[in-house]
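Right, one structure below, let's go through it.
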């Protein structure tokens, strides 16, 4: 009976806790539904490929242009600046019998698809020229049959043995980021670095403030003449310092221990992650005011953290349907990861990430003001 009494009491408690029930039954369904839509790759996805203007093999160029998965641009070289300025996935340089493909390699999947399409186009072009060469040779041999020659049989055998593809193309590949066998970790490194910075700062800062509320520290502080803005600033500075140290540890460990390749300036990687950590800190403080216990705060993780990870770059946002891309553009982590991608993989600097940095700063300021307003509500409760 005592076991049944405990069993009944727990069920009754959970019945009154609507957040726990929603977390248990509704949150998994919402996350699974979101992942289902995120992983539906539209059939009209196109990859941006540049072709050097010096290309002499018009047959190969035409074969590439007919591909429904490629959007072709004419460029003057395959340098990093050219690829980055036009946001290309690859640049192809065709010089007589040599085909050089330089991949930006920002996405393993994109590089592999383009590589397969280029290889297919080369094979089709070679087969076409081989067919033409064979037809020309047979015509010459047929003409020789008109005049009977004792050695004709030997000539036919010799010419067939010597028949070669006059336009044999050799394929060569190059990579701006990584190599031909990139690890999944390196491909997703920017998303992992930014995502973990956001998650742990959000978790620690939020739970810490909930503890201060349950212990009465925050309430006592609110009864003093201290301004709400000063309280938020104090918390932000204190936890901001910890967030800065955590950012330094994660970025340094990823670069020097895990050997994550950074093509750009490492300082920008620190700055981007610190801004993201600041947003996570302010978001943690804000959501902590909506929770009465640490357990209730943890319940916000599926709502706040999971979408940040899903739209962080683990799944390529550019291949999502338009409504999902709109959702990505209102999530802070998206802008941070985009900036990290630009610095780490494309090797670019401030001029190419300034918009992302400004957006992150605006989000930080907005969250700061919302924290001040939320403390005003607590002061009157």
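In UniProt numbering, the protein residues as written are 1 to 381. All residues carry an ideal CB built from backbone N, CA and C; glycine is no exception. Small disclaimer: the values here were computed from a predicted structure and weren't measured.
Legend entry - Of the listed residues 59, 295, 70, nearest to residue 124 (C-alpha basis): As a first step, residue 124 must be located in the chain shown, where it is residue number 124. The option with the nearest alpha carbon to residue 124 is 59.
Legend entry - Rounded straight-line distance, which links the Cα of residue 187 to that of residue 113: Translated into positions along the chain shown, residue 113 becomes position 113. Translated into positions along the chain shown, residue 187 becomes position 187. Roughly 15 Å between the two C-alpha positions.
Legend entry - residue 171, buried or exposed, once every other Cβ within 10 Å from all chains shown has been counted against 16: Stepping through the chain shown from its first residue, residue 171 is reached at position 171. By the neighbour-count rule (16 or more Cβ atoms within 10 Å), residue 171 is not buried but exposed.
Legend entry - Per DSSP, cross-strand counterpart(s) of residue 109: Here residue 109 refers to the residue found at position 109 when the chain shown is read from its first residue. As far as DSSP is concerned, residue 109 takes part in no beta bridge.
Legend entry - Rounded separation between residue 344 and residue 82 - CA only: Start at 1 with the first residue of the chain shown, and residue 344 comes out as number 344. Start at 1 with the first residue of the chain shown, and residue 82 comes out as number 82. Straight-line Cα distance between these residues: approximately 17 Å.
Legend entry - Residue span of the beta strand (DSSP E) that contains residue 74, given as start and end: For the purposes of this step, residue 74 is identified with residue 74 of the chain shown, where counting begins at 1. Residues 70-75.
Inset, instruction - Name the one or two DSSP bridge partners that residue 170 has. - result: Translated into positions along the chain shown, residue 170 becomes position 170. For residue 170, the beta-bridge partners assigned by DSSP are 98.
Inset, instruction - In the DSSP assignment, find the alpha helix (DSSP H) that holds residue 331 and state where it starts and stops. - result: Locating residue 331 in the chain shown gives position 331, where the first residue counts as 1. No alpha helix (DSSP H) holds residue 331; DSSP gives it neither H nor E.
Legend entry - Counted within 10 angstroms of its Cβ, other Cβ atoms place residue 326 as buried (16 or more) or exposed: Counted from its first residue, the chain shown places residue 326 at position 326. Counting Cβ neighbours within 10 Å, residue 326 comes out exposed, since fewer than 16 surround it.
Inset, instruction - Determine the DSSP secondary structure at residue 163, reduced to helix, strand or coil. - result: Along the chain shown, one-based indexing puts residue 163 at 163. Reliability fails at residue 163, whose pLDDT of 48 lies under 50, so the model's placement of it is uncertain and the value that follows must be treated cautiously. Three-state DSSP puts residue 163 in coil, outside helix and strand.
Inset, instruction - For the beta strand (DSSP E) holding residue 50, just list the boundary residues, first then last. - result: Along the chain shown, read from residue 1 onward, the residue named residue 50 stands at position 50. Note, residue 50: beta strand (DSSP E), 47-52.
Inset, instruction - Could you give the DSSP three-state label for residue 6: helix, strand or coil? - result: Indexing the chain shown from 1 puts residue 6 at position 6. Only weak support exists for where residue 6 lies, its pLDDT of 48 falling under 50; the coordinates are left without a value.
Inset, instruction - Note down the Cα distance separating residue 67 from residue 61, rounded to an integer number of angstroms. - result: Here residue 67 is taken as the residue at index 67 of the chain shown, counted from 1. Here residue 61 is taken as the residue at index 61 of the chain shown, counted from 1. If you take the alpha carbons of residue 67 and residue 61, they lie about 10 Å apart.
Inset, instruction - Answer yes or no: do residue 47 and residue 69 have a C-beta to C-beta separation smaller than 8 Å? - result: By one-based count along the chain shown, residue 47 stands at place 47. By one-based count along the chain shown, residue 69 stands at place 69. Yes.
Legend entry - Span of the alpha helix (DSSP H) around residue 308: The residue you call residue 308 lines up with position 308 of the chain shown. Per DSSP, residue 308 belongs to the alpha helix (DSSP H) from 301-309.
Legend entry - Through-space distance from residue 324 to residue 267, alpha-carbon basis: If you number the chain shown from 1, residue 267 lands on position 267. If you number the chain shown from 1, residue 324 lands on position 324. Roughly 31 Å between the two C-alpha positions.
Inset, instruction - Could you have a look at residue 235 and say whether DSSP puts it in helix, strand or coil? - result: Indexing the chain shown from 1 puts residue 235 at position 235. Here residue 235 carries a helix assignment [DSSP, helix/strand/coil].
Legend entry - Nearest-angstrom Cα separation, counted from residue 339 out to residue 353: In the chain shown, counting from the first residue as 1, residue 353 sits at position 353. In the chain shown, counting from the first residue as 1, residue 339 sits at position 339. Residue 353 and residue 339: Cα-Cα distance of roughly 5 Å.
Inset, instruction - Quickly, what does DSSP pair residue 93 with across the bridge? List them, please. - result: As a first step, residue 93 is located in the chain shown; it is residue number 93 there, counting from the start. For residue 93, which the question treats as bridged, DSSP gives the partners 100.
Legend entry - Backbone CA spacing between residue 232 and residue 376 [nearest angstrom]: In the chain shown, the residue the question calls residue 232 occupies position 232. In the chain shown, the residue the question calls residue 376 occupies position 376. Approximately 11 Å between the Cα atoms of the pair.
Legend entry - Buried or exposed by the 16-neighbour rule on C-beta atoms within 10 Å, applied to residue 225: What you label residue 225 is simply residue 225 of the chain shown in a count that begins at 1. Under this definition residue 225 is an exposed residue.
Inset, instruction - Report the residue from 371, 223, 315 whose alpha carbon sits nearest the alpha carbon of residue 108. - result: The residue you call residue 108 lines up with position 108 of the chain shown. Ranking the options by Cα distance to residue 108, first place goes to 315.
Legend entry - Residues that DSSP places opposite residue 175 in a beta bridge: As a working note, residue 175 is residue 175 in the chain shown. Beta-bridge pairing links residue 175 to 103.
Legend entry - From 94, 271, 280, residue whose alpha carbon lies closest to that of residue 308: Here residue 308 refers to the residue found at position 308 when the chain shown is read from its first residue. The shortest Cα separation from residue 308 among 94, 271, 280 belongs to 280.
Inset, instruction - State the DSSP-derived secondary structure class of residue 375, mapped to helix, strand or coil. - result: Position 375 of the chain shown, counted from the start, is the residue given in the question as residue 375. Residue state, collapsed to three classes: helix.
Inset, instruction - Answer yes if the region 350-370 comes into contact with the region 201-219, meaning at least three C-beta pairs across the two stretches below 8 Å, and no otherwise. - result: Contact fails between the region 201-219 and the region 350-370, because fewer than three Cβ pairs, one in each stretch, are under 8 Å apart.
Legend entry - Outcome for residue 254 when other beta-carbon atoms lying within 10 angstroms are tallied against a minimum of 16: Counting from one through the chain shown, the residue named residue 254 turns up at place 254. The residue in question, residue 254, is buried, as its Cβ has 16 or more Cβ neighbours within 10 Å.
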